[in-house]
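For the sequence shown, the numbering used here begins at 57 and goes up steadily by one.
As structure tokens, the structure follows; a few thoughts come after it.
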Amino acid sequence: MPQVQTYLKEATYRILEQRAKARGMKLSELLREMIESQVVPRRSAAFLALAGSWEGDLERPPQGPFEEREGL
């Protein structure tokens with residue numbers, strides 16, 4: 057796995073360190089999770105709950121007569 061090195065303000069580092077500790081994670085794990093949440097497309101729980109939830113049949117409305125178009 058590639059590694060990235062960066063500089064943080066001391067206050068930012070302390071806050072992130074506290075968040076990682078509160079979640080029982082290493083700081084690097086927390087940072088990876090935060091970064092990936094910004095770049096990896098994710099679907100919300102509400103969106104995923106819709107999958108397979110349609111009930112009933114779909115009917116296509118009448119389309120009218122076929123349209124003749126000029127060829128290319």
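Even glycine gets a Cβ: it sits at the ideal position worked out from N, Cα and C.
Just confirm the distance between the C-beta atoms of Glu73 and Leu87, as a whole number of angstroms; I'd bet it's less than 8 Å. Not quite, the Cβ-Cβ distance comes to about 10 Å (not below 8 Å), so this is no contact.
C-alpha gap between Gly120 and Glu111, whole angstroms: 27 Å
For the alpha helix (DSSP H) that contains Thr68, what are its first and last residues? Glu66 to Ala78
Roughly how many whole angstroms lie between the Cα atoms of Thr68 and Arg116? 56 Å
Distance between Tyr63 and Met90 (C-alpha atoms, nearest Å): 16 Å
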